[in-house]
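Chains as they are written, first to last, in our numbering: chain A, 43 to 437; chain B, 4 to 233.
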């Protein structure tokens, strides 16, 4: 009965909500550049542009830097396979014009030392190496329905796409290196915008089990040739790292991506296509050593993707077991320390704005702060405190 | 992980917990009760999930404790507020579920924020508009995510897809808790701002009124302040 009463009483609220929803939909439709209205309201295949893809081009030379089915925004950044750093300045139709910033110098790796320390010859681990069970990695898929058209016959399988096989192959290859791996085959369907909040639970579970690093394995949705490179003289499906810029670990995540790319470049040059620094979170706020990896595109073969993750596991093994990898992780740690200052600064600014808005003058602000420190904490300090001030919501 | 990474996570977690405690404190809970619920969410997050039906399970910290908190808030609320918060919850759940369907799958498709935050903010905004109170916002924000999880499982069942969902599986870092806290935080922020602005306007109006009274145009007015609801 109270629901009905509530509905009667809140007709005005419902009206407000509908207005909000309409504004949200229209606003979203207008803001989501590059996506046609009919595509936006289509409730399927929203992760892939059927009308084409974005081409990132160098503003100075007009050369193509990369192509992707992901929507690119001004401010997005990209580190190419040659370690050239670009920032997107403007979008014109399907072209994202990017400004060349600088050549990134990744940390130096003594490849011989890495290979010797891991007993790898020619990128392949030898038998009989010691097991390193103290390092645990987590592998999962936020979009477990993704699949590869040439091998799986379709680009998405709700029960579990070909990407699960790629994840299993990656986990198995890592175990062969002596690393301990927890693999989750959870698909996180339905395939909608809630997948990342569902996969967040899987990521949390992997962390709870003690994972030092977590890998979210995906595939992209661009023409096959975009992800074909030459590795060790053979045509190979390439990988791309994606770093979410909207989290407090973003800089550390980026350092992790760069150092992992450097190790990969030294062991299997050409395997990593680049690093896309995108406007998102990707649950990378949960750990500095969290990585989203695109393994090829939906038009590449699943078998090719499986071979590529096996190659990539050589680099991951080197990163986590080798001395150079240890040095790289220390670099990520130093970046993390710098990030702490930013986190504290941002929180201070937000709190400052809130206090300025909610108080009439400095005296009121002082009084509130005095009340906060003298009374609110006093409850924890003294059990003797009683009375009306106990209720923190009374203001 | 080395010391830098550990400290970064520690600082982020301390700030998150600190804000969470302050936000929960605004639910007419005592400081100790707010802290107790927060600790229960944190500790419960590490305990094994409780299996329910059809591949659905629930986490103690991210699912059971927030639901207990919501029931506790309902038990303390007046009937009109309960009905209002239930209405807010239903509307918010529908909007959140529709948002998940309408919004693009890939985070990079989105307008300015990751879906994790957008959905939580939408839950918060709708919950505040419909709930019109801090408690109403928290209830609607939290439970809307729980309902959307159940709806996702129902959708999977209809599609013949076997999948497992753990409600609040990420414990205190789950969208269930984050949405509730953001909703409550928004209510607090908007509430304080509206209060501040309305008091300013009231003050200006009053001053104007006093000027008119001074010239003998109007009789005196009552001094009731316009304060937002809890």
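Don't be surprised by glycine CBs; every beta carbon is placed ideally from N, CA and C.
Apart from the five residues just before and just after residue i, which ones in its own chain have a Cβ nearer than 6 angstroms to its Cβ?
i, result
"residue 37 of chain B", "24, 27, 28"
"residue 346 of chain A", "279"
"residue 300 of chain A", "148"
"residue 43 of chain B", "68"
"residue 312 of chain A", "271, 272, 273"
"residue 319 of chain A", "119, 285, 287"
"residue 231 of chain A", "187, 200"
"residue 405 of chain A", "none"
With distances taken from CA atoms, which of the options is nearest residue i?
i, options, result
"residue 279 of chain A", "A/266, A/326, A/317", "A/266"
"residue 241 of chain B", "B/138, B/170, B/145", "This structure cannot speak to residue 241 of chain B, because chain B is shown only from 4 to 233."
"residue 331 of chain A", "A/112, A/224, A/180", "A/180"
"residue 184 of chain A", "A/203, A/276, A/363", "A/203"
"residue 467 of chain A", "A/310, A/362, A/363", "Within the shown structure, residues of chain A are numbered from 43 to 437, placing residue 467 of chain A beyond reach of any answer."
"residue 177 of chain A", "A/255, A/200, A/286, A/298", "A/255"
"residue 192 of chain B", "A/298, A/406, A/395, A/403", "A/395"
"residue 122 of chain B", "B/44, B/42, B/50, B/186", "B/186"
"residue 269 of chain A", "A/343, A/303, A/208", "A/343"
"residue 340 of chain A", "A/387, A/187, A/128, A/146", "A/187"
"residue 129 of chain B", "B/155, B/174, B/102, B/106", "B/102"
"residue 96 of chain B", "B/71, B/119, B/125", "B/125"
"residue 222 of chain A", "A/349, A/230, A/251, A/410", "A/251"
"residue 106 of chain A", "A/406, A/201, A/138, A/236", "A/138"
"residue 1 of chain B", "B/139, B/157, B/211, B/20", "The question about residue 1 of chain B has no answer here: the residues shown for chain B are numbered 4 through 233."
"residue 259 of chain A", "A/218, A/114, A/199, A/212", "A/212"
"residue 458 of chain A", "A/287, A/364, A/403, A/224", "Residue coverage of chain A in this structure runs from 43 to 437, which leaves residue 458 of chain A outside it and unanswerable."
"residue 198 of chain A", "A/390, A/410, A/262, A/217", "A/262"
"residue 304 of chain A", "A/361, A/392, A/351", "A/361"
"residue 308 of chain A", "A/111, A/112, A/114, A/125", "A/125"
"residue 179 of chain B", "B/200, B/127, B/148", "B/148"
"residue 228 of chain A", "B/76, B/58, B/91", "B/58"
"residue 76 of chain B", "B/183, B/30, B/157", "B/30"
"residue 238 of chain A", "A/356, A/129, A/191, A/182", "A/182"
"residue 208 of chain A", "A/411, A/315, A/351, A/355", "A/351"
"residue 52 of chain B", "A/246, A/129, A/217, A/191", "A/246"
"residue 224 of chain A", "A/257, A/338, A/412, A/192", "A/257"
Could you pull out every residue in the same chain whose Cβ sits closer than 7 angstroms to the Cβ of residue i, ignoring the five residues on either side in sequence?
i, result
"residue 86 of chain A", "At residue 86 of chain A, the pLDDT of 33 sits below 50, so the modelled position is not reliable; the number obtained from the coordinates is stated separately. So no residue of the chain qualifies."
"residue 196 of chain A", "189"
"residue 173 of chain B", "65"
"residue 82 of chain B", "none"
"residue 131 of chain A", "101, 116, 139, 140, 141"
"residue 385 of chain A", "290"
"residue 172 of chain A", "Confidence is the limiting factor: at residue 172 of chain A the pLDDT is only 46, short of 50, which leaves the residue's position unreliable and the question unanswerable from this model."
List the endpoints of the continuous beta strand (DSSP E) containing residue i.
i, result
"residue 168 of chain B", "168-170"
"residue 99 of chain A", "96-100"
"residue 44 of chain B", "Element bounds for residue 44 of chain B: not the beta strand (DSSP E) but the alpha helix (DSSP H), 34-49."
"residue 106 of chain B", "Taken as a continuous stretch (DSSP letters only), residue 106 of chain B belongs to no beta strand (DSSP E), as it is neither H nor E."
"residue 120 of chain A", "119-122"
"residue 318 of chain A", "314-320"
"residue 128 of chain A", "126-134"
"residue 140 of chain A", "137-145"
"residue 332 of chain A", "332-339"
So the alpha helix (DSSP H) residue i belongs to, where does it begin and stop?
i, result
"residue 351 of chain A", "344-363"
"residue 162 of chain B", "No alpha helix (DSSP H) holds residue 162 of chain B; DSSP gives it neither H nor E."
"residue 306 of chain A", "292-309"
"residue 412 of chain A", "404-413"
"residue 72 of chain B", "68-79"
"residue 189 of chain A", "Segment: none, residue 189 of chain A is in no alpha helix (DSSP H) and carries neither H nor E."
Within its chain, find whatever has a CB closer than 8 angstroms to the CB of residue i; leave out the 5 residues flanking it on each side and keep chain order.
i, result
"residue 127 of chain A", "119, 120, 121, 142, 143, 144, 145, 146"
"residue 109 of chain A", "95, 96, 97, 98, 264, 265, 268"
"residue 45 of chain B", "20, 64, 174, 175"
Is residue i near the ligand FAD - that is, is its Cβ less than 7 angstroms away from at least one heavy atom of it?
i, result
"residue 80 of chain B", "What this structure holds is no ligand at all, so the ligand FAD is not there to describe."
Check: Taking the runs of the beta strand (DSSP E) that are 3 residues or longer, which of them lie wholly in the region 213-276 of chain A?
Finding: 221-225, 255-262, 270-273
Next item on the list: State whether the region 137-149 of chain A contacts the region 94-106 of chain A, with contact taken as three or more CB pairs (one from each stretch) at a distance under 8 angstroms.
Entry: yes
Notebook entry, point to check: Per the contact definition of three or more C-beta pairs closer than 8 angstroms, is the region 84-100 of chain B in contact with the region 131-139 of chain B?
Noted result: yes
Check: Counting Cβ pairs closer than 8 angstroms, one from the region 310-328 of chain A and one from the region 236-245 of chain A, do we hit at least three?
Finding: yes
Next item on the list: Inspect the CB distances between the region 204-213 of chain B and the region 138-158 of chain B and report whether three or more fall short of 8 angstroms.
Entry: no
Margin query: Taking 8 angstroms as the cut-off, does the region 62-81 of chain B touch the region 153-165 of chain B (at least 3 CB pairs, one atom from each stretch)?
Written below: no
Margin query: Whether or not the region 290-305 of chain A and the region 331-342 of chain A are in contact is what I'm after, with contact meaning three or more pairs of Cβ atoms, one per stretch, closer than 8 angstroms; do they touch?
Written below: yes
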